[in-house]
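Peer 1:
Residue numbers (our numbering): 11 to 119.
#1: Following the continuous beta strand (DSSP E) through residue 112, name the residue where it begins and the one where it ends.
#2: Compare the beta carbon distance of residue 13 and residue 104 with 8 Å and say whether it is the shorter of the two.
#3: Is the region 53-64 close to the region 105-114, with three or more CB pairs under 8 Å?
#4: Please go through the same chain and pick out, in chain order, the residues whose beta-carbon is closer than 8 Å to the beta-carbon of residue 110, but skip the five residues on each side of it.
#5: Please name the residue or residues paired with residue 75 in a DSSP beta bridge.
#6: Could you say which of 28, 33, 25, 40 lies nearest to residue 15 if we only look at CA atoms?
#7: Can you check which of these residues, 83, 56, 102, is closest to residue 32 by C-alpha distance?
#8: Tell me the rounded alpha-carbon separation between residue 71 and residue 45.
#9: Looking at C-alpha atoms only, which residue of 107, 99, 48 is the closest neighbour of residue 22?
#10: Considering only the beta carbon of each residue, do residue 25 and residue 80 sit closer than 8 Å?
#11: Looking only at its chain, what residues have a beta carbon closer than 7 Å to the beta carbon of residue 35, apart from the 5 residues adjacent to it on each side?
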């Protein structure tokens, strides 16, 4: 299994969720996060004063998928989240050794 972590723009979350639902991905975890990549934030104006915003609001989506579906899931996330502008986000793929159902105690291979 693979853990797929995607950092995306907040306004693209529903598009990503819909793309994953079409693939019959059973669940996901969504977390509000802040950070920056290459764009290093931006300058904003509040009440006439200019200030730097270095940590931008983003959404982290986590999905666990079978090894044979991982590439398709990544492709779906990238296609749904892409705007073509700086700050679209990143996708990370990590191996998952084991998974356990808390209610039943069963292990998923």
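Ideal Cβ positions, reconstructed from N, Cα and C, are used throughout, including at glycine.
Keep in mind the model is a prediction, meaning the values are calculated, not measured.
Peer 2: Short version:
#1: Taking the chain shown and counting its residues from 1, one reaches residue 112 at position 102. Segment: none, residue 112 is in no beta strand (DSSP E) and carries neither H nor E.
#2: Start at 1 with the first residue of the chain shown, and residue 13 comes out as number 3. Start at 1 with the first residue of the chain shown, and residue 104 comes out as number 94. In this structure, residue 104 lies closer than 8 Å to residue 13 by Cβ.
#3: no
#4: Counted from its first residue, the chain shown places residue 110 at position 100. Contacts found: 116, 117, 118.
#5: Sequence index remark: in the chain shown, residue 75 carries index 65 (1-based). Its beta-bridge partners are 12.
#6: Position 5 of the chain shown, counted from the start, is the residue given in the question as residue 15. Per the C-alpha coordinates, the member of 28, 33, 25, 40 positioned closest to residue 15 is 40.
#7: To locate residue 32, count along the chain shown from 1; it is residue 22. Considering only alpha carbons, the answer is 83.
#8: Within the chain shown, residue 71 is the residue found at index 61, counting from 1. Within the chain shown, residue 45 is the residue found at index 35, counting from 1. Straight-line spacing of the CA atoms in residue 71 and residue 45 works out to 14 Å.
#9: Position 12 of the chain shown holds residue 22. Selected option, being the one with the closest Cα: 99.
#10: Residue mapping note: residue 25 aligns to position 15 of the chain shown, counting from 1. Residue mapping note: residue 80 aligns to position 70 of the chain shown, counting from 1. Cβ atoms of residue 25 and residue 80: not closer than 8 Å.
#11: The count along the chain shown starts at 1 and reaches residue 35 at position 25. Result list for residue 35: 73, 75, 83, in chain order.
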